[in-house]
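**Student:**
2 protein chains.
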Amino acid sequence: MADRNDNDAIQTTNTSFEIIHALQELGPARLSEIADRLGLAESTTHRHLQTLSDLRYVSRDGDRYQIGLRFARLGRAAQTRDPAYEMAKPHVQELAEETGERAQFVVEDHGLGIYLHVETGSRAVRVGFGVGRQIHLHSSSAGKAILAHSPRERVDDILDQWGLPAHATNTITDRDALYDELETVRERGVAFNREEHVDGLNGTAVPVKRDGRAVGALAVAGPSHRLTGEWFEDEVPSMMLAAANELELNVTYASDASSTDHIVE
Amino acid sequence: MADRNDNDAIQTTNTSFEIIHALQELGPARLSEIADRLGLAESTTHRHLQTLSDLRYVSRDGDRYQIGLRFARLGRAAQTRDPAYEMAKPHVQELAEETGERAQFVVEDHGLGIYLHVETGSRAVRVGFGVGRQIHLHSSSAGKAILAHSPRERVDDILDQWGLPAHATNTITDRDALYDELETVRERGVAFNREEHVDGLNGTAVPVKRDGRAVGALAVAGPSHRLTGEWFEDEVPSMMLAAANELELNVTYASDASSTDHIVE
DNA sequence: CTTAGTAGTTCCGCTCTGTGGAATTCACCG
DNA sequence: CGGTGAATTCCACAGAGCGGAACTACTAAG
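As given, the protein sequences belong to chains A and B, one line each in that order. Our numbering applies: residue 208 is where the first sequence begins, and numbers increase by one. Our numbering applies: residue 208 is where the second sequence begins, and numbers increase by one.
1. Here's the rule: buried if 16 or more other CB atoms are within 10 angstroms of the residue's CB, otherwise exposed. What is Ser266(B)?
2. Who pairs with Ser266(A) in a beta bridge, going by DSSP?
3. Could you pull out every residue in the same chain whose Cβ sits closer than 7 Å to the Cβ of Gly407(B), ignoring the five residues on either side in sequence?
4. Could you tell me the distance, in whole angstroms, from the CA atom of Val334(A) to the CA atom of Glu326(A)?
5. Name the DSSP bridge partner or partners of Val413(B)?
6. Measure from the alpha carbon of Leu276(A) to the alpha carbon of each residue in Thr222(B), Thr252(B), His317(B), then state which is nearest.
7. Distance cutoff 8 Å, beta carbons only. Does Ala209(A) sit that close to anything in chain B?
8. Is there a C-beta anywhere in chain A that falls below 8 Å from the one on Gln480(B)?
9. If we count the other Cβ atoms within 10 Å of its Cβ and call it buried at 16 or more, is Gln273(B) buried or exposed?
10. Can you tell me which residues form a DSSP beta bridge with Asn400(A)?
11. Give the interface partners of Phe224(A) over in chain B, defined as CB-CB distance under 8 Å, in chain order.
12. Roughly how many whole angstroms lie between the Cα atoms of Arg359(A) and Gly246(B)?
13. Report yes or no: do three or more beta-carbon pairs, one from the region 294-313 of chain B and one from the region 436-448 of chain B, lie closer than 8 Å?
14. Can you tell me whether Ala451(A) is buried or exposed? The criterion is at least 16 other CB atoms within 10 Å of its CB, across all chains shown.
15. For Val338(B), list the residues DSSP reports as bridge partners.
16. If we ignore side chains and look at the alpha-carbon of each, how far apart do Gly339(A) and Tyr322(A) end up?
17. Pull up the CB-CB distance for Thr411(B) and Ala398(B), whole angstroms please, since I reckon it's below 8 Å.
18. Hey, Val313(A) and Ala428(A) are a contact pair by Cβ (cut 8 Å); roughly how many whole angstroms apart?
19. Write down the C-beta distance between Leu351(B) and Glu388(B) rounded to the nearest angstrom, noting that I regard them as a contact closer than 8 Å.
20. What in chain B is Cβ-close to Thr459(A), meaning under 7 Å?
21. How long is the line joining the alpha carbons of Arg393(A) and Gly320(B), rounded to whole angstroms?
22. Tell me whether Asp367(A) is buried or exposed, calling it buried when 16 or more other Cβ atoms sit within 10 Å of its Cβ.
23. Could you give the C-beta distance for Phe278(A) and Ala285(B), rounded to a whole number, given that I count them as a contact under 8 Å?
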């Protein structure tokens, strides 16, 4: 007893999600495999899988369990929980076309950046690849754009929670250095990532604001040898700024819009 | 005790998901609102929300709770759990362009049809709208295409589970009539929906098979006045058949492909 | 400044429910 | 047929989740 895991969380719910995460990583897996990996009794695992299957969040095919397609609906609900998120999509597509690079829309949740839209320029292989991916805010251009426009107190909380782990050689791992950087971002209105997240990869981003708060960031990323010079420093940023500007207008003056989704579950 | 709700499911997990579903429907909601709606004690609701928030599946902003963006990742995992699902996307886009109508890729899970890709022809408003939506199989062209190529026993199970509720005036609500229809679909290789799901809406679909089993269906839908005659009966179907054919080849001979996703959670 | 009202959070004891081990059944295969 | 490994069911125990009540934090009045 006295697991004292995380203060006072509901253990049963945690276990259910641990199983879901295991399925997410393993793909189709058998019961014993999951029970082993999580150190659970098979009977316990069985009952969780049974429950999740009844809820349609887990599918089974013979003796293989896998993640259920019902999650597609929840994922969609998350991606559209704020109408602003939807409005960002066409701008991301436009940026991808204009720059020929990968364009993204990133939002902050629980101190992490989440890719909500990802579009690749012309040769669009892997459409939507990367959607839902989570990144640390301190080591990406989008993350820095968001942090730069968040209250100092919030930034501190986030850094306390996630630290400043080094992902690449240029990652900013010093708190004060990051504060300086954020100041620069605020002055310039644009954030840059020079191989801070992945070696060989550059990026640049601008915040998308509503009522002074950053709802997210538009970003463009690509190989560092291609993203350089004036193109990287000025031209791409000005395209993003134009897009962000337009988006901010939509977002601010369209809180009524049609939201006639509402499908019965 | 002896709730005997659903045989022997884990109640705690059910409750957690009930809360998630409430958030999905309500959007940003306060604790008391949720507790009320579900008939739970506030203390209980609080603890569930706390747990889900720790897991990042729920976000809170002040005293409003809402669905967490982490679900975007699970949704993505669901949408890509089978590489065939990804391969279908470009074909859906192509069909949308060729026909100018709404094109879809639908898959069966737990006896329901799930839209995994939705693309609207030219004037593509609402990109991705409808993804994750769930429909009954008996009243949609895609559903019938899938049922027609599933073993009779499975079809029975599905009909037992979900029945044949009427959604529109032409919905097939008789089991034997449906069996006949499925036979026709098998012969013709194409399924039609003539205002069976929504009045004023027609659709047509073809199965996408792998090893004899239907992994999903490609479908095209649109207003019944526009989808008529030869265009509806022959031309659109042949476009879909061509697409399905090509897709089936990809799907069958590419079980190795690169699946280098694997992002650390 | 006090008081009342509302919503959220914490505390606490009860008991019900989730748990793991053991027993049973199932499904292959030699 | 027996034998192996996996999934499922059974069962008794205690730990965990539950709701009610107490407490706190804010607001709005008076």
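Every residue, glycine too, gets a C-beta built ideally from N, C-alpha and C.
**Tutor:** This is what the structure holds:
1. A residue is called buried when at least 16 other Cβ atoms come within 10 angstroms of its Cβ; Ser266(B) meets this threshold and is buried.
2. Ser266(A) is bridged by DSSP to Gln273(A).
3. The residues are Pro430, Ser431.
4. In this prediction, Val334(A) has a pLDDT of 48, which is less than 50 and means its spatial position is unreliable; nothing more can be read from the coordinates.
5. Val413(B) is bridged by DSSP to Leu425(B).
6. Of the residues Thr222(B), Thr252(B), His317(B), the one whose Cα lies closest to the Cα of Leu276(A) is His317(B).
7. Its pLDDT being 34, under 50, Ala209(A) is placed unreliably by the model, and the measurement read from it follows with that caveat. For Ala209(A), the answer is no, since every Cβ of chain B falls outside 8 Å of its Cβ.
8. It is not possible to answer for residue 480(B), since the shown part of chain B is limited to 208 through 472.
9. Answer is buried; the Cβ neighbour count reaches 16.
10. Note: Asn400(A) sits in a beta bridge opposite Gly410(A).
11. Listed along chain B are Leu262, Tyr264, each with a C-beta nearer than 8 Å to that of Phe224(A).
12. So the alpha carbons of these two residues sit roughly 39 Å apart.
13. Touching, yes.
14. Ala451(A) is buried by the Cβ-count criterion.
15. Its beta-bridge partners do not exist; DSSP assigns none.
16. In a straight line, the C-alpha of Gly339(A) is about 5 Å away from that of Tyr322(A).
17. Correct: roughly 7 Å between the Cβ atoms.
18. Not a contact, Cβ separation roughly 10 Å.
19. The residue you asked about is not Leu; residue 351(B) is Lys in the sequence shown. Correct: roughly 7 Å between the Cβ atoms.
20. Within chain B, no residue comes near Thr459(A); the closest Cβ sits about 18 Å away, beyond 7 Å.
21. Going by the C-alpha atoms only, they are around 48 Å apart.
22. Within a 10 Å sphere around the beta-carbon of Asp367(A) sit fewer than 16 other beta-carbons, which makes this residue exposed.
23. About 4 Å; that satisfies the 8 Å criterion.
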